[in-house]
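These protein sequence lines are chains A and B, in that order.
Under numbering that gives the first Met the number 0, read the first sequence as residues 0 to 140, first letter to last.
Under numbering that gives the first Met the number 0, read the second sequence as residues 0 to 376, first letter to last.
We put the CB at the ideal spot given by N, CA and C, even for glycine.
Nothing here was measured: the structure is a model prediction, and the numbers come from that model.
So the structure is just underneath, and the comments pick up after that.
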Amino acid sequence: MATELGVGRPTKRRPGAAVGGLPVADSRPSLVDGQVGGVRCTTCRYPVAQTGIPWCPACYGPVEPARFAATGAAWSSTVVQIPVGTRRPPFGLAYLDLDDGPRVLVHLAEPTVLPLGARLRITGLDDGDLTAVTIEKGVEK
Amino acid sequence: MNPMLWGVGTSDYGLQPGTRVEVLCWTAIREAVDDAGITPAEIDAIIVGSVFGPPGVATRVQRGLGLPGVPMWTVENACASGTSAYHEAVQAVRQGRFGCVLVLGVDQMSTLFSGAIVPEATDPEGAASLPLPGLYALQAQRYVQEFGVTPEQLAAVAVKNKRNGLDNPRAQLRKAAPTVEEVLASRMIAEPLTFLQCCPTSDGAGAVIVGGERGNPADLRIEASAMVSGALWDHRSQDVWGYASVARAAEQAYAQAGRTPGEIDVLEVHDAFTIGEILTLEALGLAPRGKGAELAPSGHTARDGAQPVNPSGGLLSRGHPLGGTGTAQIAEIACQLRGRAGDRQVARHRVGLVETMGGGAAGMDGNACVVTILSVP
Ligand SMILES: [Zn+2]
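Shown next, in the form of structure tokens:
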């Protein structure tokens, strides 16, 4: 393999430890006591699932640490059918608009394309990735 | 000075891991210099657009050019790197800073990745294993479900562009064009995008020479060039990912040129994935929201249609060497406007538009987008 052009070479891109590169600082949203960590603008209440940002990117107001609900509505979803990093296909991904919170990327416990607006709950982390299940009639699947 | 396009040149596009990256560049530059009818000594600045370099690629290319000391820099704006470099050249000439600028867009993907691009681990979504086709799939899935777009409408974009690419001797894919059924039957990459709806990663370089007015009848007028960076992809917005960045650049470009979308004769746009062309054409004003998917099936964007889109075959045929894409798009529009596109020639070719959109940074509606409008003087 090592002799094949383009395979197994270090690249300009940082691929991360998961695929053989050096470790990098984790930029993924955190999960603290069942809530998603981030910051919220003290002026316009804009929510961001990132920390360390210098000001509110929507209004330049000051931001403060915040916790967001683990529930929300799926903006969109897909099932990926190619291997990516340590993930093996199929795996489901969704953009989840947290209730009164930001939009975050989540892995779906069950790889399936969801209807727009499907209710989801983040149940934990899988290797550092937010993982969500669908909520049907109050029952988590 | 009014900026004019003096010349274009490209390498072949395709998997060329055994070719030195400098040779790809030199091939494109030699052709562009010949096309512009200048001597190398007339070049008084070099701007390079590249994502993966290699670092220092501009200087390594310089080694073969013999232009010591000219101002030179490299810009990176994801897939829009090549057109961002071009935009800087256009602005520099417009402001009188330089009289003749060499623009180079290049990337050699086959020596970096053996398949899809490995996501960037420092990015929150890259670290969570969101591949680029996955991002476009999320965009597509939202759009499909919101507007009731059919898989066949998505596939029609791939059929059109891959058919166009058969007549492009420098495209990566030119063996046979698939049918709609074959596009949909190809293996699923990320629902709803199948393999044949994703552009191949590629190796290639494109060069463009931009200068002032010099009375050469082959020169093309650069009516507009707009470059915008990404903005917050605000979750309160109704826009699908990517739409707003293209719309911002398009609005600026139409205003500069004093033109409306209906006046554009031929377009090269960023069809990295089928959904990309559809949403881009909506953002460019060729169709209302939710109606862009009708343009390929109706024949509007076919090579013999009212407004041909991607007559070169687009990224879906030519392949996508990130930085090398924008300059290849400009080369195709130049070729079309001058009536030199041979079997690919479109009937009406007075005004052309190029759009390149780069993305992948989490939380942003794009990394950058460039829209330029060119015309026959
Ligand atoms: Zn704010």
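{"Item": "Near V23 of chain A, which residues of its chain fall below 8 Å by C-beta distance, leaving aside the five closest residues on each side in sequence?", "Value": "R13, G15, A16"}
{"Item": "Which chain A residues are close to L231 of chain B, counting only those with a beta carbon under 7 Å from its beta carbon?", "Value": "P56, A57"}
{"Item": "Under 8 Å by Cβ, that's how I've got A360 of chain B and D122 of chain B pegged, so tell me the actual separation to the nearest angstrom.", "Value": "6 Å"}
{"Item": "At 7 Å on the CB atoms, spell out the chain B contacts of P14 of chain A, in chain order.", "Value": "V117, A120"}
{"Item": "Does at least one heavy atom of ligand 1 sit under 7 Å from the Cβ of C24 of chain B?", "Value": "no"}
{"Item": "Scan the stretch 80-139 of chain A and note each continuous beta strand (DSSP E) run of 3 residues or more that stays entirely inside, going in chain order.", "Value": "90-97, 102-107, 118-125, 128-135"}
{"Item": "Would you tell me roughly how many angstroms separate the C-alpha atoms of Q251 of chain B and M226 of chain B, rounded to the nearest one?", "Value": "9 Å"}
{"Item": "Count the CB pairs spanning the stretch 68-75 of chain B and the stretch 44-54 of chain B that are closer than 8 Å, and state whether there are at least three.", "Value": "yes"}
{"Item": "Taking 8 Å as the CB-CB limit, is S29 of chain A close to chain B?", "Value": "no"}
{"Item": "Under 7 Å from any heavy atom of ligand 1, does the C-beta of Y94 of chain A make it?", "Value": "no"}
{"Item": "Consider the Cβ of A189 of chain B: report whether some Cβ of chain A lies at a distance smaller than 8 Å.", "Value": "yes"}
{"Item": "Buried or exposed, going by whether 16 or more other CB atoms sit within 10 Å of the CB of Q94 of chain B?", "Value": "exposed"}
{"Item": "Where G123 of chain A and D32 of chain A are concerned, what is the direct C-alpha to C-alpha distance, given to the nearest angstrom?", "Value": "10 Å"}
{"Item": "Alpha carbons only, please: which of A:P64, A:C55, A:R27, A:S76 is nearest the one belonging to L119 of chain A?", "Value": "A:S76"}
{"Item": "Tell me which residues share the same chain as G84 of chain A and place their Cβ nearer than 6 Å to its Cβ, disregarding the 5 neighbours each side in the sequence.", "Value": "A17, V18"}
{"Item": "Is it buried or exposed, P39 of chain B, if we count other Cβ atoms within 10 angstroms and call 16 or more buried?", "Value": "exposed"}
{"Item": "What's the gap between the Cα of E281 of chain B and the Cα of G68 of chain B?", "Value": "44 Å"}
{"Item": "Please decide whether V132 of chain A counts as near chain B, where near means a Cβ-Cβ distance under 8 Å.", "Value": "no"}
{"Item": "Could you tell me the alpha carbon to alpha carbon distance between T371 of chain B and E135 of chain A, rounded to whole angstroms?", "Value": "48 Å"}
{"Item": "Helix, strand or coil for A225 of chain B? Go by DSSP, reduced to three states.", "Value": "strand"}
{"Item": "Using alpha carbons as the reference points, say which of B:H319, B:S10, B:F194 lies closest to G357 of chain B.", "Value": "B:H319"}
{"Item": "My assumption, with CB atoms under 8 Å, is that A136 of chain B sits in contact with P191 of chain B. Please give the rounded CB distance.", "Value": "7 Å"}
{"Item": "Give me the Cα-Cα distance between A243 of chain B and A223 of chain B, rounded to the nearest whole angstrom.", "Value": "19 Å"}
{"Item": "Pick from B:A248, B:R343, B:V148, B:T193: whose alpha carbon is nearest that of A301 of chain B?", "Value": "B:R343"}
{"Item": "Could one say the Cβ of L92 of chain A lies closer than 8 Å to chain B's Cβ atoms, at least one of them?", "Value": "yes"}
{"Item": "If you measure from the CB of C197 of chain B, is any heavy atom of ligand 1 nearer than 7 Å?", "Value": "no"}
{"Item": "On the three-pair Cβ rule with 8 Å, is the stretch 166-177 of chain B touching the stretch 276-296 of chain B?", "Value": "no"}
{"Item": "Pick out whichever of A:P53, A:G51, A:T133 has its Cα sitting closest to the Cα of L115 of chain A.", "Value": "A:T133"}
{"Item": "Along the stretch 71-89 of chain A, what residues have a CB closer than 8 Å to any CB found in chain B?", "Value": "W74, S75, S76, T77, V78, V79, Q80, I81, V83, G84, T85, R86"}
{"Item": "Would the stretch 125-139 of chain B and the stretch 61-80 of chain A be scored as touching if the rule is three or more Cβ pairs under 8 Å?", "Value": "yes"}
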